[in-house]
Amino acid sequence: MGSRREDSVSSHSFDEQRWVIQIRQHLDEDELEEDDNGVPVSIFTVPKLLSAIKPEAFKPQLVAIGPYHHWKPELYEMQRYKLSAARRAQKKWRKSQSFKLQSVVDQISKFERRIRACYHRYLDLIGETLAWMMAVDACFLLEFLKVYGPPIHEGEGRSLVRVSSRMAHLVDFTRRKSAHNAIVRDLMMMENQIPLFLLRKLLELENNWGSSRAEEALAEMVSGFCAEISPMKIMAFSASEVAESGHLLDVLYRMMVPWPNSKEDQDFAQDEPDGTEPESSGPSTTGHCHHFRKLLSSLRAFFSSILSSSPFRQLQRLLTSRPLKLLLKLPRMILTSLPLFSFLKAPLEFLVFSDENNDEGTSSNKEASISKPPLMEELHIPSVTDLCNAGVTLSLATGGISSIQFDPSTGSLSLPSISLDVNSEIIIRNLVAFEAASAPGPLIFTRYTELMNGIIDTEKDVALMRERGILLNRLKSDEEAAELWNGMSRSVRLTKVEGLDRVIEEVNKYYGRRWRVVMAKFVREYVYGWWRGLTVLAAVALLLLTAVQAFCSVYICSRWLSITATPVGRP
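Residues 1 to 571 in UniProt numbering are what the sequence shown spells out, letter by letter.
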């Protein structure tokens, strides 16, 4: 035990004396100007289950923002650009208001406890170091975001979209330079964030603005940035809603994912811990005799409308009674007990009687799944190619994730538009990680990525969605886009989203009832499954016939069988 403790202590540069001093200071402090009560944690570390799949998607490659990756040697090269941004800001402040960056650091130091409360991990930094780090990173981030805000003309005619010559090769509004895209990817990583209120404070100090004016300017910049990089359609956000967000990734998540404010969003995003979950999100395993079932459905609808009248209610109860159902099943039970029909029992039940078995098992499956989390196997849905071959039509939805719908009457699946470029995979993966770490309810965006992973298997699926305007592919090829979605197969925890799971269930039911799918499944399960047995049976029959032929060639079979020829014309 002693050697293990020595190894753990020696593996970290841990100053025990400084730690004791910090603990005493925190315990002996009186009321501070900024209390961390009620400040939610918003900057988390990525769960290892997600980071193990693709670590480079969660670790900054060019620039470190915030304390989590600040001291990495491979990222320290960008420190000179961040210091250049801080010097330019300080030069401007000297001309307008005659104060240095030290004044900003002093203001940020007042929010030390609030800043620390935003981070999930303990920050082993003294207050002054943390304040300087936040001030420099905020200057760099604010200068980068200014190109996404509209021009704001003041007395001296300044514009927020001006970019310095030193930053010109890094900041590119056309998004064509690789360094610009690398910074965008790093800024949207969950572990590479700083609290958004620091940018608002910086705008207040640098422009001598009030809080509301700074919120509006920050909201314009952040909204413009999110609109440029978002892979999906985003919702409009007010300045106060942006100010309530914790950081850039939080703003993008709130703009993309429907929050249950309205009744419609609540119905779409409602989790199902009480067991009111869909019957099954896997593909229907039951086949259907299409014409026979259609006739039965029509007759059932016709007679139900007649029997709904009061004179026929007693007759209706009689027809739906359990003894009558058992009586109707009796012929089937007798037929399937015969030797010949017992051999065909499974195929016949597969084609004709599967609905009854499925309906009987539905209630029991629902009761068994109450208060249980969804199974990993539950999200099964045919690919886009299979759906189109079965008669499902893909259409473009006008909204975001909450606009995903399926119309069983027309077989139309409506999906929102999504754009894929060099930044999309990093953004999507970090949104999934942020949702897993912060969302108290169902993982809506994660379930959407699982849906896309389910319906996209090959580049042909991507091409079909691209032709219908659902997927805007700015990657090198459709194959690369398919690989992107196929890599999104793992989440931290399983969840149910009522709106999406209802769509998945309806699609699977519609697909399972298509005659082409039924016959293909019947051939696969009962024809191919019997192929070896039929081959062996045919070989045995051939051997028997060969043996009989050989026997008859040596002996006279008619004599053994007592067969005599009858002369022609004799009675």
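Cβ atoms here follow ideal geometry from the backbone N, Cα and C, with glycine treated the same way.
Sequence-distant residues of the same chain with beta carbon closer than 8 Å to residue i, five excluded per side
i	result
glutamate 459	Ser477, Asp478, Glu479, Ala481 and Ala482
glycine 210	Glu204
methionine 232	Met256, Gly400, Ile401, Pro416, Ser417, Ile418 and Ser419
glycine 246	Pro40, Ser42, Ile43, Cys118, Gln193, Pro195 and Leu196
histidine 69	Lys59, Pro60, Leu75, Glu191 and Asn192
Sequence-distant residues of the same chain with beta carbon closer than 6 Å to residue i, five excluded per side
i	result
glutamate 450	Leu379
valine 41	His120
leucine 475	Leu420 and Ala481
alanine 433	Val46, Leu50 and Met190
methionine 235	Met255
phenylalanine 551	none
Collapsed DSSP secondary structure at residue i in the structure displayed
i	result
leucine 125	coil
glycine 282	Only weak support is given to the placement of glycine 282: the predicted model assigns it a pLDDT of 41, under 50, and the question is left unresolved by the model.
proline 195	coil
leucine 202	helix
serine 414	strand
aspartate 106	helix
phenylalanine 58	coil
tyrosine 76	helix
methionine 232	strand
phenylalanine 144	helix
glutamate 377	A caution first: glutamate 377 carries a pLDDT of 48, below 50, which makes its placement in the model unreliable, though a value can still be read off. In this structure, glutamate 377 counts as helix in the three-state DSSP scheme.
serine 553	helix
tyrosine 81	helix
arginine 158	Unreliable placement is indicated for arginine 158, whose pLDDT of 40 sits below 50; the coordinate value is still reported in the next sentence. Three-state result, arginine 158: coil.
tyrosine 119	strand
serine 383	coil
serine 545	Checking the sequence, you will find leucine at residue 545 rather than serine. If DSSP states are grouped into helix, strand and coil, leucine 545 belongs with the helices.
serine 419	strand
tryptophan 71	coil
asparagine 208	coil
leucine 27	helix
arginine 18	helix
lysine 95	helix
Residue from the options whose Cα sits closest to the Cα of residue i
i	options	result
glycine 224	Arg24, Met255 and Trp515	Met255
glutamine 107	Tyr122, Leu130, Thr535 and Lys91	Leu130
tyrosine 448	Asp461, Lys59 and Leu431	Leu431
glutamate 56	Phe99, Met78, Tyr510 and Ile427	Ile427
leucine 205	Trp93, Val184, Leu62 and Arg185	Trp93
serine 103	Arg114, Ala89 and Arg113	Ala89
alanine 182	Val63, Gly441, Tyr253 and Met519	Val63
valine 184	Asn208, Asn207, Arg200 and Ser230	Ser230
tryptophan 485	Glu505, Leu471, Ile504 and Tyr555	Leu471
residue 588	Glu435, Asn423 and Leu464	Only positions 1 to 571 of the chain appear in this structure, which leaves residue 588 out of reach.
threonine 393	Ala463, Ala439 and Arg468	Arg468
methionine 188	Val105, Glu74 and Gly66	Gly66
glutamate 505	Lys59, Ala539, Leu545 and Ile404	Ile404
alanine 214	Cys226, Val242, Arg466 and Ala227	Val242
alanine 239	Tyr253, Asp250, Glu228 and Ser212	Ser212
Neighbour-count burial assignment, residue i, 16 or more Cβ in a 10 Å radius
i	result
valine 20	exposed
tyrosine 76	exposed
serine 409	exposed
leucine 248	buried
histidine 180	buried
tyrosine 72	Here the sequence assigns lysine to residue 72, which means tyrosine is not the residue at that position. Lysine 72 is exposed by the Cβ-count criterion.
leucine 545	exposed
threonine 535	exposed
lysine 95	exposed
arginine 516	exposed
glycine 391	exposed
Continuous beta strand (DSSP E) stretch holding residue i: start and end
i	result
asparagine 473	471-473
threonine 393	393-397
methionine 407	Sequence check: residue 407 is aspartate here, not methionine. Note, aspartate 407: beta strand (DSSP E), 405-407.
Contacting residues, own chain, Cβ-Cβ under 7 Å from residue i (five flanking each side not counted)
i	result
leucine 198	Ile108, Met134 and Ala138
leucine 83	Val136
Residue range of the unbroken alpha helix (DSSP H) whose run includes residue i
i	result
aspartate 478	478-486
phenylalanine 225	211-229
phenylalanine 434	424-438
isoleucine 183	178-187
methionine 43	Note that residue 43 is isoleucine in the sequence shown here, rather than methionine. Looking at the DSSP string, isoleucine 43 is not in any alpha helix (DSSP H), and its letter there is neither H nor E.
serine 51	48-51
glycine 499	498-512
asparagine 453	444-455
aspartate 461	459-467
alanine 243	239-244
valine 63	Counting along the chain, valine 63 falls outside any alpha helix (DSSP H), and DSSP gives it neither H nor E.
methionine 256	248-256
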